[in-house]
Amino acid sequence: MGQNGFLRFALAGLAVLSVCVELTHSVNILCIMTVPSPSHHIWNRVIMEELVSRGHNVTVVSQDGDKSRTNLTYIMLEKVYSTLYEEDGMDLIEISKETPLQALFTFKDFFLGMCRGALKSDGLNVILNYPDSFQFDLVLYDFGCGPCLLPLLHKFRYPPLVSLTAFGNPPYSIDVAGGHKQYAYAPHYALPFGVQMTFIERVDNTILHLLDAGFRKLYTMPQLDRMVRDHFGYADMPSLAEIEQRTVVMLLNTHPTIDSPEPLPPNVIPIGGSHIKEPAPLPSDLEEFMVSGKKGAVLFSLGSNVRSDMIGEERQRMFIEAFRQMPEYNFLWKFESDLKIPLPPNVIIRPWLPQNSILNHPNIKGFITHSGGLSTQEASWFGVPLIGMPFFVDQHRNMKRSLIAGVAEKLDFSSLSTRKIKETVLKVLETPSYRENMLLRSMYFRDQPDKPLDRAIWWIEFVARHPAPEHLRSPTLALGTTLSATRVSFVQNSLLKNR
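According to mature numbering (1 follows the signal peptide of the UniProt record, and there is no 0), the stretch in the sequence shown is residues -26 to -1, 1 to 473, in order.
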């Protein structure tokens, strides 16, 4: 090898070495996670803990935390939940009775209530007391509940921003990362519609999308702007909408087996299923109960926002009596407090249950659920058919998609009876097509070129390596998303293609 050849070889080796060093370099990450929902925190926590396991330093500003997670540095926003549920008096059961339009306005009030609680939390002062020179290399921001704390980006001199949400692909994602919403086949989260909508449903969907976008732009965002300017006092800070649009990459908890297929900009990455880990073995008492059911076992959980003790004693008795009348099945019920009603031998209750491990068990036959996005994904991943009892936000839409796919039946919370519960549960458990359809969905969901969590981490680290990849940015941000998304979509798709 000549001198020139050796020099080229050495330079190539140095280039490879520099890339390896760059890929493994530890970065300092600030996570702004302000969606007040324990389940959303669990979804975010999986990503944050994976970042820590790969050598990154992670600081989390959130109203949700976990003292057992010593690998994450939590700064707690301790006034958020008390502001929402005690001062503002939000009642999730009452919210479940609202129309889609009422739900839209309630959701915006939820944004503002969260912000009020965050701004008066002592925890916010903790991060504000960090020196302005403190170096965060990257910010992860859960945009599901609005940009209330994005002034922290201004404080820390605008490190690159990765926006993410467990809440599917909400309408306002186009305000953050650009792109289009196709109202002809992408239902609003508050509407119980599938992809194939009637003409009237497409009109309703378009109107609700436009009302949502207009209300956010003309009311919610100006309100938030006033609140944070008064609190943070940064005279030179741009609007929250402008700060949000500094998003380099967006990570969405979606997958086409479950969600509406939508065109996405190149920097919007679906990572549906990223929170689903290999299940651990069940504790011995739960394992014994699972296998002792003659025909199998059924999981009953309403998620983390609506607790089973909130549905009232009358409905609790309906479920217990229905379960009593199905003695060949065992029922595991996540019930968060003491239940005063005697239980039949085929029912156990626990304040917490290892949901993934139960859904992965060979003797599981069905899942009674609130039809939340994460629970729907987990059941789909493990191939377990659903009995859905939706309450609010996207749960009715999730339920509708599961009905269309033939993997579920619905229980109406407002008209429950022991007979309806028993008939609906037995229909799903004893009709083979529900299991067969869910196993097909599971096959498509699992068959991906890479693991969703690995994909999420790769893109986060990509942003750490390349803070300003302008070639990925959607040009619709410069056009104005409402104008860009609406005119052609409504006339051409919503009206002309009436089928």
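Cβ coordinates follow ideal geometry from the N, Cα and C atoms, glycine included.
Exercise for the section: Measure from the alpha carbon of Asp204 to the alpha carbon of each residue in Val265, Lys94, Ile21 and Pro255, then state which is nearest. Expected result: In the sequence shown, the residue the question calls residue 204 occupies position 230. Nearest option by C-alpha distance: Lys94.
Practice task
Please state whether DSSP places Gly270 in a helix, a strand or coil.
Solution key: In the sequence shown, counting from the first residue as 1, residue 270 sits at position 296. Gly270 falls in the strand class under three-state DSSP.
Problem - Backbone secondary structure at Arg324 - three-state DSSP - result: Translated into the one-based positions of the sequence shown, residue 324 becomes position 350. The answer is strand: DSSP assigns Arg324 an E or B state.
Handout entry: Cβ contact (3+ pairs, closer than 8 Å) linking the stretch 111 to 129 and the stretch 2 to 10
Key = yes
Problem - Sequence-distant residues of the same chain with beta carbon closer than 8 Å to Ser388, five excluded per side - result: Here residue 388 refers to the residue found at position 414 when the sequence shown is read from its first residue. Taken in chain order, the residues that qualify are Lys71.
Problem - Length-filtered (4 minimum) alpha helix (DSSP H) runs lying within the stretch 199 to 283 - result: 214 to 218 and 258 to 266
Handout entry: Cutoff 8 Å; reference Ser266; Cβ partners in own chain excluding five residues on either side
Key = To locate residue 266, count along the sequence shown from 1; it is residue 292. Excluding sequence neighbours, Ser266 sits near Asn304.
Practice task
Return the CA-CA distance between Arg43 and Arg176, expressed in angstroms with no decimal places.
Solution key: Sequence index remark: in the sequence shown, residue 43 carries index 69 (1-based). Sequence index remark: in the sequence shown, residue 176 carries index 202 (1-based). Near 45 Å, if we compare the C-alpha coordinates of Arg176 and Arg43.
Problem - Collapsed DSSP secondary structure at Cys122 in the structure displayed - result: As a first step, residue 122 is located in the sequence shown; it is residue number 148 there, counting from the start. When DSSP states are grouped into helix, strand and coil, Cys122 belongs to the coil group.
Exercise for the section: Return no unless some Cβ of chain B is closer than 8 Å to the Cβ of Ser345. Expected result: Here chain B cannot be found, since the structure has a single protein chain.
Handout entry: Span separating the alpha-carbon of Arg190 from that of Glu61
Key = Along the sequence shown, one-based indexing puts residue 190 at 216. Along the sequence shown, one-based indexing puts residue 61 at 87. So the two alpha carbons sit approximately 23 Å from each other.
Practice task
Can you grab the Cα-Cα spacing for the pair Val26 / Leu138, in whole Å?
Solution key: Within the sequence shown, numbered from 1, the residue matching residue 26 stands at position 52. Within the sequence shown, numbered from 1, the residue matching residue 138 stands at position 164. If I take the Cα positions, the gap works out to 18 Å.
Practice task
Tell me, please, which residues DSSP counts as bridged to Tyr303.
Solution key: Position 329 of the sequence shown, counted from the start, is the residue given in the question as residue 303. Paired residue(s): Gly270.
Problem - Candidates Ile294, Pro244 and Ala92: closest to Ser391 by CA position - result: Working through the sequence shown from its first residue, we reach residue 391 at position 417. Here the closest residue by C-alpha is Ile294.
Exercise for the section: Would you check if the distance between the CB atom of Phe436 and the CB atom of Trp355 is smaller than 8 Å? Expected result: For the purposes of this step, residue 436 is taken as the residue at position 462 of the sequence shown. For the purposes of this step, residue 355 is taken as the residue at position 381 of the sequence shown. Not closer than 8 Å, so no.
Exercise for the section: Would you kindly work out how many angstroms separate the C-alpha atoms of Val35 and Trp17, rounded to a whole number? Expected result: Position 61 of the sequence shown, counting from 1, holds the residue named residue 35. Position 43 of the sequence shown, counting from 1, holds the residue named residue 17. Approximately 15 Å, taken between the alpha carbons.
Practice task
Can you have a look at Gly97 and say buried or exposed, based on whether 16 or more other CB atoms are within 10 angstroms of its CB?
Solution key: Position 123 of the sequence shown, counting from 1, holds the residue named residue 97. That one is buried.
Practice task
Just the C-alpha distance for Gln290 and Gln329, rounded to the nearest angstrom, thanks.
Solution key: Taking the first residue of the sequence shown as 1, we reach residue 290 at position 316. Taking the first residue of the sequence shown as 1, we reach residue 329 at position 355. Approximately 21 Å, taken between the alpha carbons.
Exercise for the section: For the beta strand (DSSP E) containing Asn31, list its first residue and its last residue. Expected result: Start at 1 with the first residue of the sequence shown, and residue 31 comes out as number 57. Asn31 to Ser36 is the span of the beta strand (DSSP E), which, as asked, contains Asn31.
Practice task
For His335, I'd like the list of residues in its chain whose CB is within less than 6 Å of its CB, leaving aside the five on either flank, ordered along the chain.
Solution key: The residue labelled residue 335 in the question sits at position 361 within the sequence shown. Excluding residues within five positions, the ones whose Cβ falls inside 6 Å are Met264.
Handout entry: Cβ-based burial, Val223 [other Cβ within 10 Å; buried from 16]
Key = For the purposes of this step, residue 223 is taken as residue 249 along the sequence shown, with counting starting at 1. Val223 comes out buried.
Problem - Asn179 versus Leu78, Glu352 and Leu403, residue with shortest Cα-Cα distance - result: In the sequence shown, the residue the question calls residue 179 occupies position 205. Of the listed residues, the one whose Cα sits closest to Asn179 is Leu78.
Practice task
Compute the distance between the beta-carbons of Pro253 and Ser331, then report whether it is under 8 Å.
Solution key: For the purposes of this step, residue 253 is taken as the residue at position 279 of the sequence shown. For the purposes of this step, residue 331 is taken as the residue at position 357 of the sequence shown. Yes, the pair counts as a contact, with Cβ atoms nearer than the cut-off.
Practice task
Give the C-beta separation of Pro240 and Leu446 to the nearest angstrom, bearing in mind that I take them to be a contact with Cβ-Cβ under 8 Å.
Solution key: Working through the sequence shown from its first residue, we reach residue 240 at position 266. Working through the sequence shown from its first residue, we reach residue 446 at position 472. 5 Å between Cβ atoms; contact.
Practice task
Reducing DSSP to helix, strand and coil, say where Ser(-9) ends up.
Solution key: The residue labelled residue -9 in the question sits at position 18 within the sequence shown. Low confidence applies to Ser(-9): its pLDDT is 46, below 50, so where it sits in the model is not reliable, and the reading given next is rough at best. It is helical.
Problem - Distance, Arg409 Cα to Gly340 Cα - result: For the purposes of this step, residue 340 is taken as residue 366 along the sequence shown, with counting starting at 1. For the purposes of this step, residue 409 is taken as residue 435 along the sequence shown, with counting starting at 1. Straight-line Cα distance between these residues: approximately 9 Å.
Exercise for the section: Report the three-state DSSP secondary structure of Phe173 (helix, strand or coil). Expected result: The count along the sequence shown starts at 1 and reaches residue 173 at position 199. Three-state result, Phe173: helix.
Practice task
Count the C-beta pairs between the stretch 211 to 227 and the stretch 129 to 138 that are closer than 8 Å, then say yes if the count reaches three, no if not.
Solution key: Short answer: they touch.
Problem - Range of the contiguous alpha helix (DSSP H) that encloses Asp116 - result: Against the sequence shown, residue 116 aligns to sequence position 142. Asp116 -> not in any alpha helix (DSSP H); beta strand (DSSP E) instead, spanning Leu112 to Asp116.
Handout entry: Outcome for Gln170 when other beta-carbon atoms lying within 10 angstroms are tallied against a minimum of 16
Key = Mapped onto the sequence shown, residue 170 falls at position 196. So Gln170 ends up on the exposed side.
Practice task
Can you grab the Cα-Cα spacing for the pair Thr343 / Ile361, in whole Å?
Solution key: Within the sequence shown, numbered from 1, the residue matching residue 343 stands at position 369. Within the sequence shown, numbered from 1, the residue matching residue 361 stands at position 387. Taking the straight line joining both Cα atoms gives about 6 Å.
Problem - C-alpha distance - Ser213 paired with Phe297, whole-angstrom precision - result: Counting from 1 along the sequence shown, the entry for residue 213 is found at position 239. Counting from 1 along the sequence shown, the entry for residue 297 is found at position 323. Going from the Cα of Ser213 to the Cα of Phe297 covers about 54 Å.
Handout entry: Which residues DSSP lists as bridging Ser137, in chain order
Key = Looking up residue 137 in the sequence shown gives position 163. Partner(s): Tyr115 and Met224.
Problem - DSSP beta-bridge partners of Lys384 - result: Looking up residue 384 in the sequence shown gives position 410. Lys384 pairs with Gly362.
Practice task
Determine the direct distance from the alpha carbon of Ser107 to that of Asp65, and round the result to whole angstroms.
Solution key: Walking along the sequence shown from the start, residue 65 turns up at place 91. Walking along the sequence shown from the start, residue 107 turns up at place 133. Between Asp65 and Ser107, the C-alpha separation is close to 42 Å.
Exercise for the section: Grab me the residues of Leu345's own chain with a C-beta within less than 6 Å of its C-beta, minus the 5 sequence neighbours each way, in chain order. Expected result: Your numbering for residue 345 matches position 371 in the sequence shown. Position check: residue 345 holds Ser in this sequence, whereas Leu was assumed. Closer than 6 Å at the Cβ level, and outside the excluded window around Ser345, lie Gly362, Pro364, Gln369, Asn372 and Met373.
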